[in-house]
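One structure below.
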Amino acid sequence: MSGAQGSSRGAHRPGEVVDRNRTITFMFNGKKYKGLVGDTIISALTANGVKIVSRSWKYHRRRGVMSGNYHDPNCHFQVNDEPNVRGAHRRLEEGMVVSTQNVSPSLKFDVGAVNQKLSRFLTAGFYYKTFIKPERLWPTYEKVLQRFAGGGKVAATGHHVPADKRYAHPDVLVAGGGPSGMSAALSAADAGSSVLLVEEEYELGGFLRWGTGDELAVAQSLREKVAAHPKITTLTNAVVAGRYDQNWVSVIERGLPVVMESLIKVRTATLIAAPGLIERPYVFEGNDLPGVMLSTAVLRLVNLYAVKPGERAVVFTGNDSGIAAAEALRAVGVDVVQVVDARHGGGLVRATSSRGVLSGVEFSDGSKVLCDLLVVAAGWTAPTTLLNLSGNHPVFDEAGARFVPGPDLDDTVFATGGLVGDGTIDEILAHGAAVGRQASERARNGSVTTVAPAFSPDPHLPLFFGTTKGIVDFSEDVSSKDLLAAAHEGYDSVELLKRYTTATMGPAQGKLETINTVAVLASANGESIEETGTTVWRPPYVPITLGALAGRSYEPVRYSPMQAWHESHGGINIVAGQWMRPEHYGDAAKEVSTVRSGVGIIDVTPLGKFELKGNDVSKLLNLVYVNKWSKLEVGAVRYGVMCGEDGVIFDDGVTGHLSEDRYFMSTTSSGAAGVYAHLESWLQTGFPEWDVTITNVTSAYASINIAGPQSRELLSKLVSDVDLSNEAFPYMNLRTGTIAGVPGCHMWRIGFTGELSFEIHVPAGFGAYVWETLMEHGADFGITPFGLEAQRIMRLEKGHFIVGQDTDGVTQGFSAGIDWLIKLDKDDFIGKPELQWQHDSGAGFRLVGIHPNDPKQVPTEASQIVMDGTIQGRITSSRFSPTLNRSICLGLVVPALAVAGTVVPIRLPNGTIIQGTVMEHHASYDHEGAKLRG
Amino acid sequence: MILIPCPNCGPRNSSEFTYEGENKERPNAATATKAQWRNYLYLKNNPLGWTTETWYHSSGCKKFLVAERHTMTNEIRSTKALGHQGGAS
Chain A
1 MSGAQGSSRG AHRPGEVVDR NRTITFMFNG KKYKGLVGDT IISALTANGV KIVSRSWKYH
61 RRRGVMSGNY HDPNCHFQVN DEPNVRGAHR RLEEGMVVST QNVSPSLKFD VGAVNQKLSR
121 FLTAGFYYKT FIKPERLWPT YEKVLQRFAG GGKVAATGHH VPADKRYAHP DVLVAGGGPS
181 GMSAALSAAD AGSSVLLVEE EYELGGFLRW GTGDELAVAQ SLREKVAAHP KITTLTNAVV
241 AGRYDQNWVS VIERGLPVVM ESLIKVRTAT LIAAPGLIER PYVFEGNDLP GVMLSTAVLR
301 LVNLYAVKPG ERAVVFTGND SGIAAAEALR AVGVDVVQVV DARHGGGLVR ATSSRGVLSG
361 VEFSDGSKVL CDLLVVAAGW TAPTTLLNLS GNHPVFDEAG ARFVPGPDLD DTVFATGGLV
421 GDGTIDEILA HGAAVGRQAS ERARNGSVTT VAPAFSPDPH LPLFFGTTKG IVDFSEDVSS
481 KDLLAAAHEG YDSVELLKRY TTATMGPAQG KLETINTVAV LASANGESIE ETGTTVWRPP
541 YVPITLGALA GRSYEPVRYS PMQAWHESHG GINIVAGQWM RPEHYGDAAK EVSTVRSGVG
601 IIDVTPLGKF ELKGNDVSKL LNLVYVNKWS KLEVGAVRYG VMCGEDGVIF DDGVTGHLSE
661 DRYFMSTTSS GAAGVYAHLE SWLQTGFPEW DVTITNVTSA YASINIAGPQ SRELLSKLVS
721 DVDLSNEAFP YMNLRTGTIA GVPGCHMWRI GFTGELSFEI HVPAGFGAYV WETLMEHGAD
781 FGITPFGLEA QRIMRLEKGH FIVGQDTDGV TQGFSAGIDW LIKLDKDDFI GKPELQWQHD
841 SGAGFRLVGI HPNDPKQVPT EASQIVMDGT IQGRITSSRF SPTLNRSICL GLVVPALAVA
901 GTVVPIRLPN GTIIQGTVME HHASYDHEGA KLRG
Chain B
935 MILIPCPNCG PRNSSEFTYE GENKERPNAA TATKAQWRNY LYLKNNPLGW TTETWYHSSG
995 CKKFLVAERH TMTNEIRSTK ALGHQGGAS
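Below is the structure:
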């Protein structure tokens, strides 16, 4: 590199997009450079004379600009802490720190380049063949291979980048904002359709942007019409990434403020694919040398950025694009020393190098020309991705030497532009306009009457590979030699060849290399390209950040009305399903002993709560619970367990009878939504004739459990219209009354903790008030608030199981020790046949109380009980009980071990085995329930 | 993501629905054999072609609906709401 910064910037170009008055300073591999506003990273580097911009993934070969567009596999950079940035697309910003990926220690001297010397050993399938045995070394191989992989580095300490997504519902979505796409968008919009026009580049115009004066004028005129049209929404620097059933289309927007990328989920009535054409590389020896560029890369660099990509150029072309590139180069003062037009004969043999960059070209007539730029225009690939995703199979157009859309196109998907054919600008615009009208007709009234003019590829030379071997897949360093060797080994179908050699599987995903891969294979097999066929394109069309796919998290967090109190009184939160609730207020064991000896209150608002109304509620209860409900009197509550049709327990809770046709059901905190769906399912699909209405009142009530020997005394201070005495309001009953002046509160005498307790459900708006009033009046009793942990300890002391903790996805009713509850003499209930069979066979684990023989040992939950080398059970819940001053557990064990007094070996996660004894009851505390009933 | 025409809400993305599975007749619990019952629980016909299935509009009107869907093309031929339409909720 020599001369002043930006010296290879040529004379002004009519279509140039850089602002020569505004410079940008950036860093590349530790060195400071200057570019212009409007530059891409690559145009700025090229303007600074930087020719080697990266090293290839596998052989670490020096690489320069090749296709010069988003897909260029040689132009991936680390930018600040963002890896894999597409340097030929990303615009330069002030202060950008750009570095080459996949080099060690530097781009100039890269030790990985030793792979190049080993390349004859690193042939196709090398990894498969080499890193197979011994299996125990796989983790080591993985680590080594990962270091050789080419991607950038994700900063582990990087800041969290938020993501977002949104929806759109246009009539017509046009993918591609070139002349055909703009023309289609305008005619669809003129026909009355709402149109979403999506363009991958920063500006509409497609290939017209790097065209001649006339072409620029057409582009400008179309752009103005599009911008002025009220029915067209245009997105630039956005890309259609995929198309799914019924035109569900994913669009990725880039370059937005704050977010890195944003996903738009588009449901469009019709889709027009107008992606244009992608120029394909030509395969010959030296085709990946820095200095060998495709004609469109040169046209972009020269005509958009006024950059001179070299000083002395040779052009090898099979079409007019190469001629246009030669003209553009001359206009900025590049010496074009030779143009070889393959249409008039002449072939390219090899490119030669000096110091790792292009130094000359050899032609088939034996002539050698010195140059630092070789422009190649070999032909085009039609990216039929969106059509493939719509079920269309591309067919090979032999005359045009490219794959084109097949005839079996979905009737809501259309194609125009280079995807379909070649023509003059007028012909392209006419086809686009006709297709736009068709798409609008289909979107708006269903039948298509417009006829599109004939449009097909112009004849083109089949320029895929020359007489020498070269790189086919630049992303993966797969050469035509590798492909031929693989075909020779028997991988002679295109799908097998692709997987074996990894050709087309790199970041370019086949856009540049598929056609050449197929052509090489066809020659190896001695068959036509049509016979060989092509691989299937899959979404996404371009890589998408995971953040864009994830979008913003819409997971709601739920709080009880008392949460602010908890947080200001030392409550330590725990995430419990959707709810945030206090785990404890500093000392769970102390909370337990206070409840056991005095009184405490816990916020149980997350309990699922439903009001059931109608004449047939008891029928529904009999159906969904395993026990009987017909005789539940008004004012009484009952515990129930719900099983699925497979007999597996899925929820439990207490339901009370409020009045003749009104019931109040409570469910587990995490089960509320599932229970609601379950009940509705049976009502809607099974028994639509039943008169039952279910109202979810989970958050309409704040729920508080007042527990402890002094709970009645406390509550009676605040309740005057309900007699709380044991005689008037016995265990397992409910009353509705006024608490602290708040009417309409439900009071239930139930107890999960094992103490005398009242569960109260008060209108949510009064929750915090009632809570504070209870705390105030409880001060004389030494009241404590208690959290989930104290409740879990006390319920374990009492032996109550928790669905999902002490049961799992296969725990049937009789495994949970609720034999007394399951009424097999009921006519029918959900899961009855399976429960009957379990009852008869005695199969399945059994839930038992287990006391570790060493009372200080608390085995970790999920510790296995292993005997004779097989799992015979496991600990499902374990805690140290402050009340009993020992460790206590519940566990599921095989029936043979579910006998009181059996000693079982419990294997802790660290391998230590401790002994535990199976107890007679689940409850370790007040098995008789005297305290509850007091 | 396919569109499902909800009888209450119109065409909505399938992500709003919970798939309840193929419609199957529940055997008589009193007389069903294990084979019949487990066929009901676990075995799906999973045809290549038209199938009748239930969807729950869990993120919408919370109604269950029956749809006839072609498993290869995802075309939905008809949907109908089920009898129970809830109450005042």
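Protein sequence lines, in the order shown, are assigned to chains A and B. Okay, so the first sequence: first residue is 1 according to this note's numbering, each after it adds one. Okay, so the second sequence: first residue is 935 according to this note's numbering, each after it adds one. Using N, Cα and C, we set each Cβ at its ideal position, and we do this for glycine too.
Relative to the C-alpha of Val935 (chain A), which residue among A:Met794, A:Arg749 and A:Asp652 is closest? Only positions 1 to 934 of chain A appear in the structure, and residue 935 (chain A) is not among them; the question remains open.
What residue range does the alpha helix (DSSP H) around Leu549 (chain A) cover? Leu546 to Ala550
From the beta carbon of Pro170 (chain A), is the nearest beta carbon of chain B less than 8 angstroms away? no
Backbone CA spacing between Val719 (chain A) and Cys745 (chain A) [nearest angstrom]: 10 angstroms
Counting contacts by CB-CB distance shorter than 8 angstroms, is Leu937 (chain B) in contact with chain A? yes
From this set, A:Val395, A:Cys889, A:Val239 and A:Asn445, which residue's C-alpha is nearest Gln864 (chain A)'s C-alpha? A:Cys889
In whole angstroms, what is the alpha-carbon distance linking Val893 (chain A) and Ala700 (chain A)? 40 angstroms
Runs of alpha helix (DSSP H) lying entirely within the segment 373-456 of chain A, each at least 4 residues, in chain order: 385-388 and 425-444
Report back the beta-carbon spacing between Phe786 (chain A) and Ile602 (chain A) to the nearest angstrom; my notes put them in contact at under 8 angstroms. 5 angstroms
If we ignore side chains and look at the alpha-carbon of each, how far apart do Thr317 (chain A) and Ile1010 (chain B) end up? 52 angstroms
From what residue to what residue does the alpha helix (DSSP H) around Gln838 (chain A) run? Lys832 to Ser841
Here's the rule I'm using: 16 or more other beta-carbon atoms within 10 Å means buried, otherwise exposed. How should Lys915 (chain A) be labelled? For the sequence presented, residue 915 (chain A) should be read as Gln rather than Lys. With fewer than 16 Cβ atoms within 10 Å of its Cβ, Gln915 (chain A) is classed as exposed.
Which chain A residues sit within Cβ distance under 7 angstroms of Thr988 (chain B)? Thr685
Mind listing the chain A neighbours of Leu982 (chain B)? Cutoff is C-beta to C-beta under 7 angstroms, in chain order. Under the 7 angstroms cutoff, chain A gives no residues; its nearest Cβ is about 16 angstroms from Leu982 (chain B).
Quick one: what's Tyr33 (chain A) bridged to in DSSP? A:Phe26
Excluding the 5 residues preceding and the 5 following Asn947 (chain B) in the sequence, name in chain order all residues of the same chain whose CB lies nearer than 7 angstroms to its CB. Met935 and Leu937
Check each residue of the segment 241-266 of chain A: if its Cβ is closer than 9 angstroms to any Cβ of chain B, include it; give the result in chain order. Tyr244, Asp245, Gln246, Trp248 and Lys265
Where Val114 (chain A) falls: helix, strand or coil (DSSP): helix
Beta-carbon gap between Ala900 (chain A) and Glu920 (chain A) smaller than 8 angstroms: yes
If you follow the alpha helix (DSSP H) that Asp806 (chain A) is part of, which residue opens it and which one closes it? Here Asp806 (chain A) belongs to no alpha helix (DSSP H), and DSSP marks it neither H nor E.
Just the C-alpha distance for Asp825 (chain A) and Val626 (chain A), rounded to the nearest angstrom, thanks. 10 angstroms
If I'm right that Val848 (chain A) touches Val918 (chain A) with Cβ under 8 angstroms, what's the distance once you round it to whole angstroms? 5 angstroms
Identify, in the order they occur along the chain, each residue of the same chain with its Cβ nearer than 7 angstroms to the Cβ of Thr535 (chain A), setting aside the five sequence neighbours on each side. Val494, Glu495, Lys498, Thr504, Gly510 and Thr514
Please work out which residues of its chain come closer than 6 angstroms, Cβ to Cβ, to Val17 (chain A), disregarding the five sequence neighbours upstream and downstream, and give them in chain order. Gly38 and Leu304
Just reading off the alpha helix (DSSP H) that Ile982 (chain A) is part of, what are its end residues? A query on residue 982 (chain A) cannot be resolved here, the shown segment of chain A reaching from 1 to 934 and no further.
Cutoff 8 angstroms: Pro457 (chain A) Cβ touching any chain B Cβ: no
Between the segment 644-657 of chain A and chain B, which residues of the former have CB atoms less than 8 angstroms from a CB of the latter, in chain order? Glu645 and Asp646
Of all Cβ atoms in chain B, is any one closer than 8 angstroms to the Cβ of Ser699 (chain A)? no
Let me know if Arg933 (chain A) comes out buried or exposed under the rule of 16 or more other beta-carbons within 10 Å of its beta-carbon. exposed
Cβ-based burial, Arg90 (chain A) [other Cβ within 10 Å; buried from 16]: buried
Find the residues of chain B that neighbour Lys832 (chain A), judging by a C-beta separation of less than 7 angstroms, and give them in chain order. Ala963
How should Arg874 (chain A) be labelled, buried or exposed, when 16 other C-beta atoms within 10 angstroms of its C-beta is the threshold for buried? buried
Are the segment 331-343 of chain A and the segment 382-398 of chain A touching, with three or more C-beta to C-beta distances below 8 angstroms? no
Just the C-alpha distance for Lys231 (chain A) and Ser193 (chain A), rounded to the nearest angstrom, thanks. 7 angstroms
Mapping DSSP to helix, strand and coil, what is Val557 (chain A)? coil
For His488 (chain A), count neighbouring C-beta atoms within 10 Å of its own C-beta (all shown protein chains included) and say buried if the count is 16 or more, exposed if not. exposed
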